[in-house]
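Peer 1:
There are 2 protein chains.
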Amino acid sequence: MRNPWAMKMEQFTSFTDEQRRRLDEIVSMRQKDYAARTDILSEGERVDECHVILTGLAARYKILENGERQIMAFLVPGDLCDAEVFILEEMDHSVMALSDTRCAIIPAKTMRELLREVSALAEALWWGTMTDLAVLRERIVDHGRRNARERVAHLLYEVLVRYRVAGATEGDMFSFPVTQEELADATGMTPVHLNRTLQHLRAEGLIEFRNKMLNITDPEGLKKVALFNSNYLHLKRTERGDSEVVQRAGDLV
Amino acid sequence: MRNPWAMKMEQFTSFTDEQRRRLDEIVSMRQKDYAARTDILSEGERVDECHVILTGLAARYKILENGERQIMAFLVPGDLCDAEVFILEEMDHSVMALSDTRCAIIPAKTMRELLREVSALAEALWWGTMTDLAVLRERIVDHGRRNARERVAHLLYEVLVRYRVAGATEGDMFSFPVTQEELADATGMTPVHLNRTLQHLRAEGLIEFRNKMLNITDPEGLKKVALFNSNYLHLKRTERGDSEVVQRAGDLV
DNA sequence: CGACGGCTTGAGGTAAGTCAATCCACGTGG
DNA sequence: CCACGTGGATTGACTTACCTCAAGCCGTCG
Numbered sequence: 010m011r012n013p014w015a016m017k018m019e020q021f022t023s024f025t026d027e028q029r030r031r032l033d034e035i036v037s038m039r040q041k042d043y044a045a046r047t048d049i050l051s052e053g054e055r056v057d058e059c060h061v062i063l064t065g066l067a068a069r070y071k072i073l074e075n076g077e078r079q080i081m082a083f084l085v086p087g088d089l090c091d092a093e094v095f096i097l098e099e100m101d102h103s104v105m106a107l108s109d110t111r112c113a114i115i116p117a118k119t120m121r122e123l124l125r126e127v128s129a130l131a132e133a134l135w136w137g138t139m140t141d142l143a144v145l146r147e148r149i150v151d152h153g154r155r156n157a158r159e160r161v162a163h164l165l166y167e168v169l170v171r172y173r174v175a176g177a178t179e180g181d182m183f184s185f186p187v188t189q190e191e192l193a194d195a196t197g198m199t200p201v202h203l204n205r206t207l208q209h210l211r212a213e214g215l216i217e218f219r220n221k222m223l224n225i226t227d228p229e230g231l232k233k234v235a236l237f238n239s240n241y242l243h244l245k246r247t248e249r250g251d252s253e254v255v256q257r258a259g260d261l262v
Numbered sequence: 010m011r012n013p014w015a016m017k018m019e020q021f022t023s024f025t026d027e028q029r030r031r032l033d034e035i036v037s038m039r040q041k042d043y044a045a046r047t048d049i050l051s052e053g054e055r056v057d058e059c060h061v062i063l064t065g066l067a068a069r070y071k072i073l074e075n076g077e078r079q080i081m082a083f084l085v086p087g088d089l090c091d092a093e094v095f096i097l098e099e100m101d102h103s104v105m106a107l108s109d110t111r112c113a114i115i116p117a118k119t120m121r122e123l124l125r126e127v128s129a130l131a132e133a134l135w136w137g138t139m140t141d142l143a144v145l146r147e148r149i150v151d152h153g154r155r156n157a158r159e160r161v162a163h164l165l166y167e168v169l170v171r172y173r174v175a176g177a178t179e180g181d182m183f184s185f186p187v188t189q190e191e192l193a194d195a196t197g198m199t200p201v202h203l204n205r206t207l208q209h210l211r212a213e214g215l216i217e218f219r220n221k222m223l224n225i226t227d228p229e230g231l232k233k234v235a236l237f238n239s240n241y242l243h244l245k246r247t248e249r250g251d252s253e254v255v256q257r258a259g260d261l262v
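Taken in sequence, the protein lines are chains A and B.
In this text, residue positions in the first sequence follow this note's numbering: the first is 10, and each later residue adds one.
In this text, residue positions in the second sequence follow this note's numbering: the first is 10, and each later residue adds one.
#1: Can you list the residues of chain A that residue 230 of chain B reaches, using a CB-CB cut of under 8 Å?
#2: Can you tell which of A:154, A:56, A:49 has the C-alpha that lies nearest to the C-alpha of residue 236 of chain A?
#3: Can you list the beta strand (DSSP E) stretches of 3 or more residues lying completely in the region 177-211 of chain B, in chain order?
#4: Between A:239, A:169, A:199, which has its C-alpha nearest residue 217 of chain A's C-alpha?
#5: Please report whether the beta-carbon of residue 96 of chain B lies at a distance below 8 Å from any beta-carbon of chain A.
#6: Taking the alpha-carbon positions, what's the residue 138 of chain A to residue 62 of chain A distance?
#7: To which residues does DSSP link residue 105 of chain B through a beta bridge?
#8: Quick test of the definition: if touching needs 3 or more C-beta pairs under 8 Å, does the region 126-138 of chain A touch the region 23-32 of chain A?
#9: From residue 196 of chain B to residue 175 of chain B, what distance separates their C-alpha atoms?
#10: Cα separation between residue 58 of chain B and residue 71 of chain B?
#11: Distance, Cα to Cα, residue 189 of chain A vs residue 67 of chain B?
#12: Spell out whether any CB of chain B is found under 8 Å from the CB atom of residue 149 of chain A.
#13: Taking the alpha carbon of residue 227 of chain B as the reference point, which residue from B:64, B:182, B:17 has its own alpha carbon closest?
#14: Grouping DSSP H, G and I as helix and E and B as strand, with all else coil, what is residue 82 of chain B?
#15: Pick helix, strand or coil for residue 243 of chain B, following the three-state DSSP scheme.
#16: Can you tell me whether residue 87 of chain B is buried or exposed, with buried defined as 16 or more other CB within 10 angstroms of its CB?
#17: List the residues of chain B that residue 138 of chain A touches, going by C-beta distances under 8 Å, in chain order.
#18: Can you tell me the Cα-Cα spacing of residue 20 of chain A and residue 244 of chain A, whole angstroms?
#19: Taking the Cβ atom as the reference point for each residue, do residue 157 of chain A and residue 206 of chain A lie within a distance shorter than 8 Å?
#20: Here's the rule I'm using: 16 or more other beta-carbon atoms within 10 Å means buried, otherwise exposed. How should residue 76 of chain A be labelled?
#21: Report the rounded CA-to-CA distance for residue 160 of chain B versus residue 29 of chain A, giving the unit in angstroms.
#22: Can you give me the Cβ contacts of residue 95 of chain A inside the same chain, cut-off strictly under 8 Å, excluding the 5 residues immediately before and after it?
#23: If we cut at 8 Å on Cβ distances, does residue 81 of chain B have a partner in chain A?
#24: For residue 35 of chain A versus residue 104 of chain A, is the C-beta spacing smaller than 8 Å?
#25: Using a Cβ-Cβ cutoff of less than 7 Å, which residues in the same chain neighbour residue 232 of chain B once the five nearest sequence positions on both sides are dropped?
#26: Taking 8 Å as the CB-CB cut-off, is residue 217 of chain B touching chain A?
#27: Measure the C-alpha to C-alpha separation of residue 55 of chain B and residue 43 of chain B and round it to an integer number of angstroms.
#28: Between the C-alpha atoms of residue 123 of chain B and residue 198 of chain A, what's the straight-line distance to the nearest angstrom?
#29: Can you tell me the Cα-Cα spacing of residue 16 of chain B and residue 18 of chain A, whole angstroms?
#30: Examine chain A for any beta-carbon lying closer than 8 Å to the beta-carbon of residue 87 of chain B, and answer yes or no.
#31: Closest Cβ-Cβ distance between residue 156 of chain B and chain A: below 8 Å?
#32: Over the uninterrupted alpha helix (DSSP H) stretch that includes residue 35 of chain B, give me the two end residues.
#33: Sorted by chain position, which residues of the same chain lie with C-beta nearer than 6 Å to residue 39 of chain B's C-beta, five sequence neighbours on each side aside?
#34: From the DSSP output, which residues share a beta bridge with residue 224 of chain A?
#35: Using the Cβ count rule (16 or more neighbours within 10 Å means buried), how would you classify residue 65 of chain B?
#36: Pick helix, strand or coil for residue 133 of chain B, following the three-state DSSP scheme.
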């Protein structure tokens, strides 16, 4: 399998063969597996190495004083867990593996050197961070101004687009190993209400979701329900993309 | 008045006198005033210069298809409006002046050079971006898992801390020129309900808010109501800060 | 003085939450 | 191979936080 980190960044920039080789090398240098439901990073931890998701699914989350949990973002293959490594003293939130997940571990020092050597990498990292910001902003819009139905639809549609970009879909179907409770924690609602909302979307023929497989049966319809406007994902560059996969992601936006 | 941009960054790093002079020069090179309620940047716009808030107050926002507005962040003096300039094609949201606001305008080209020359600046920019991310994440927690009272309290307390850091408070009082409608759009609620929530906080003796002046009469109480945990603001460095102002900000966190 | 923007109040409605029971698929051990 | 336990999904009945609509108020400015 291709290096998903490089693949993601090549959405934005392009590397020379030499650079690509270097990235592959770095990624294969040290890897670590995390079982489902275990922390990759914990709030308060001091980190001095970067974690890049290679396979599986993870989530950024916080636990409140009263025990409630809020999931702030899902991390798919190619995503960097801890861009703050270079700068901040400690993690202000945790990252958990939702399914069995494999990460590449890159020491901060190595990363720093790499950024200096490969300027395209520095640019791609900045681009990734800017889109992370944009995704978080969109999530705030979701929570602040969309109702449960729109919010769930929006999240699912966004996930579809991101999985497509990562090349991890078959048609409009893909493995999305989250429980309804986790989805509820991501959308800021109750498991009970999330369940009823999903049922609605199913009844309308928009989605199917069984056995951790999410099938978007009516992408256009879902997009409409979600009031989805893709500009915040900044995927424009895929339009001039060379691969089959990113072309198809482009169709969705 | 000192250059608030440099001041903000010196929360994190320190500059030589020469570098400080250079920053001051850049900031004074070109400035622009924006009247209250006008856009500094608009969604869809292609930008090739950076805007740094010098005085006043601004907000990032989006307008939905149905006309509703969501404010995603407040920008205070020292904040950079458009870090995406270097990378993204166009704005995916707008930035509006809430009060009369003055910005420094820095051409992207100049900024790029500056970043290359002054490596402390590049680090500080990265730090600023990481804390912006953290603030957005906290806003998602607000919306997803806190009720109206906690959410408003949290927002107000955060604003207090940020104003303190910017050195713009007298005691625990400061000018916060937003209407209740804008506060409602930031907290994802109705103006009516926001009004009642503010009344509660007032009745409990936690805040006073008249004539655009916000007075936090019981910071400790407000912090408790907000379930506020300051770690996400990453202000630790202020503890070894040299100025009076940042010392006092440190007390709050 | 009148108009206007922003704040406040009241009455009633609804989306979403709470609590608690049931169901279902799956894995495990007797 | 079946009984059992367990984690997750589903359902129902009831409550509530927040919304909606609509009127009134208050200070400011022309």
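For each residue, glycine too, the CB sits at the ideal point set by N, CA and C.
Peer 2: Looking at the coordinates:
#1: Those do not exist, as residue 230 of chain B stays about 16 Å from chain A at its closest Cβ, beyond 8 Å.
#2: Minimum Cα distance to residue 236 of chain A is reached at A:154.
#3: Entirely contained in the region 177-211 of chain B, the beta strand (DSSP E) runs reaching 3 residues are, in chain order, 182-184.
#4: For the residues A:239, A:169, A:199, the minimum Cα distance to residue 217 of chain A belongs to A:169.
#5: The beta-carbon of residue 96 of chain B is placed less than 8 Å from the nearest beta-carbon of chain A.
#6: Our two residues, residue 138 of chain A and residue 62 of chain A, have alpha carbons roughly 15 Å apart in a direct line.
#7: DSSP output for residue 105 of chain B lists B:48, B:68 as bridge partner(s).
#8: Contact check between the region 126-138 of chain A and the region 23-32 of chain A: three or more CB pairs, one atom from each, fall below 8 Å, which counts as touching.
#9: Per the coordinates, the alpha-carbon of residue 196 of chain B lies some 22 Å from the alpha-carbon of residue 175 of chain B.
#10: Approximately 21 Å, taken between the alpha carbons.
#11: Between the alpha carbons of residue 189 of chain A and residue 67 of chain B lies a distance of about 38 Å.
#12: Answer yes: the Cβ-Cβ gap between residue 149 of chain A and chain B drops below 8 Å somewhere.
#13: Comparing Cα-Cα distances from residue 227 of chain B to each of B:64, B:182, B:17, the minimum goes to B:182.
#14: DSSP places residue 82 of chain B in strand when its eight states are reduced to three.
#15: Taken through DSSP and simplified to helix, strand or coil, residue 243 of chain B comes out as coil.
#16: Per the 10 Å Cβ criterion, buried.
#17: What residue 138 of chain A touches in chain B: 138, 142.
#18: Computed Cα separation, rounded: 8 Å.
#19: Yes.
#20: By the neighbour-count definition (other C-beta atoms within 10 Å, threshold 16), residue 76 of chain A is an exposed residue.
#21: Looking at the two C-alpha atoms, the distance is approximately 46 Å.
#22: Once the five neighbours on either side are set aside, the close Cβ partners of residue 95 of chain A are 117, 120, 121.
#23: Interface residue, yes.
#24: No; because the gap between Cβ atoms is not below 8 Å, this pair is not in contact.
#25: Contacts found: 166.
#26: The Cβ of residue 217 of chain B sits no closer than 8 Å to any Cβ of chain A.
#27: Taking the Cα positions, residue 55 of chain B is about 19 Å away from residue 43 of chain B.
#28: Cα-Cα distance, rounded: 45 Å.
#29: Residue 16 of chain B and residue 18 of chain A: Cα-Cα distance of roughly 34 Å.
#30: No Cβ of chain A is located within less than 8 Å of the beta carbon of residue 87 of chain B.
#31: No - not a single Cβ of chain A is within 8 Å of the one on residue 156 of chain B.
#32: Counted as a single uninterrupted DSSP element, the alpha helix (DSSP H) harbouring residue 35 of chain B occupies residues 26-38.
#33: Apart from the 5 residues on each side of it in sequence, residue 39 of chain B sits with its Cβ closer than 6 Å to the Cβ of 114 in its chain, given in chain order.
#34: DSSP, once it has assigned bridges, lists A:182, A:217 as partnering residue 224 of chain A.
#35: By the 16-neighbour rule on beta-carbons within 10 angstroms, residue 65 of chain B is buried.
#36: For residue 133 of chain B, the secondary structure class from DSSP, reduced to helix, strand or coil, is helix.
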